[in-house]
Amino acid sequence: MNDNDLKLDDFDRKILNALQRDAAQPQRALAEAVGLSQNACWRRLNRLQSAGIIKGHTIRLDATELGLPLTV
């Protein structure tokens, strides 16, 4: 899919905002949060990934909690 072909609507933006807040939330919770069925949400997630808008999933670790030294 060409990036120029994909038009983001309000649901797409809601999905992206919700994922930025909590990318680890279950798909059911994400669908409920944005007002879509789980199936519709899944299709949109796949479309956003296929278009390259969602590149992957990451986690942030707390170095202090892990007992790792702070480097600057």
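Going by the working numbering, the first residue of the sequence shown is number -6, and it counts up by one from there.
The beta-carbon is built from N, C-alpha and C at its ideal position, and this holds for glycine as well.
If you're wondering where the values come from, they're calculated on a predicted model, not measured in any experiment.
Other residues of its chain near residue i: CB distance less than 8 Å, five sequence neighbours each side excluded
{"i": "Ser30", "result": "Ala24"}
Per-residue DSSP class, three states only, for residue i
{"i": "Val27", "result": "helix"}
{"i": "Leu59", "result": "coil"}
{"i": "Asp15", "result": "coil"}
{"i": "Asp2", "result": "coil"}
{"i": "Ile46", "result": "coil"}
C-alpha gap between residue i and residue j, whole angstroms
{"i": "Asp15", "j": "Ala56", "result": "20 Å"}
{"i": "Leu54", "j": "Asp3", "result": "31 Å"}
{"i": "Cys34", "j": "His50", "result": "17 Å"}
Nonlocal neighbours in the same chain, by C-beta distance under 7 Å from residue i, ignoring five residues either side
{"i": "Arg21", "result": "Gln31"}
Rounded Cβ spacing between residue i and residue j (contact assumed at less than 8 Å)
{"i": "Arg36", "j": "Asp5", "result": "Incorrect: roughly 11 Å between the Cβ atoms, too far for contact."}
{"i": "Ala44", "j": "Leu(-1)", "result": "5 Å"}
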